[in-house]
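Colleague:
In the working numbering, the protein residues as written are 287 to 366.
In structure tokens:
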């Protein structure tokens with residue numbers, strides 16, 4: 287699977303898990319809503335700066351956007 291497609295799916299997953307619209311994410315990450323839509327479809331090749339803004343908006347590490355680990359798994363492991 288293409289890395290942009292995987293990243294897009296991950297962004298969509300994190301966004302929907304929070305109950306955010308694309309508009310909310312675009313506001314939080316200071317990125318155009320249409321660009322968010324393109325990212326989620328895997329049709330954009332984002333820069334590191336864009337990826338960092340998205341990670342910051344979700345309050346996760348950049349690497350988490352590329353991992354297959356679920357958010358609740360991390361929260362549980364941090365408690366231990």
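Here a beta-carbon is modelled for each residue, glycine too, at the ideal position from N, C-alpha and C.
Please tell me whether residue 334 has its Cβ less than 8 angstroms away from any Cβ of chain D.
Modeller: Of the protein chains in the structure, only one exists, and it is not chain D.
Colleague: Taking all protein chains shown into account, do 16 or more other C-beta atoms lie within 10 angstroms of the C-beta of residue 344, making it buried, or fewer, making it exposed?
Modeller: The residue is buried, with at least 16 neighbouring Cβ atoms inside 10 Å.
Colleague: Name the two residues that bound the continuous alpha helix (DSSP H) containing residue 345.
Modeller: Where residue 345 is concerned, there is no enclosing alpha helix (DSSP H), given that its DSSP letter is neither H nor E.
Colleague: Could you spell out where the alpha helix (DSSP H) holding residue 313 opens and where it closes?
Modeller: Its alpha helix (DSSP H) spans residues 308-315.
Colleague: Quick one: Cα of residue 340 to Cα of residue 295, how far?
Modeller: The straight-line gap from Cα to Cα measures roughly 13 angstroms.
Colleague: Where does residue 304 sit, in a helix, a strand or coil, going by DSSP?
Modeller: Here residue 304 sits in coil by DSSP.
Colleague: State the Cα-Cα distance for the pair residue 291 and residue 327, rounded to the nearest angstrom.
Modeller: The alpha-carbon atoms of residue 291 and residue 327 are separated by roughly 6 angstroms.
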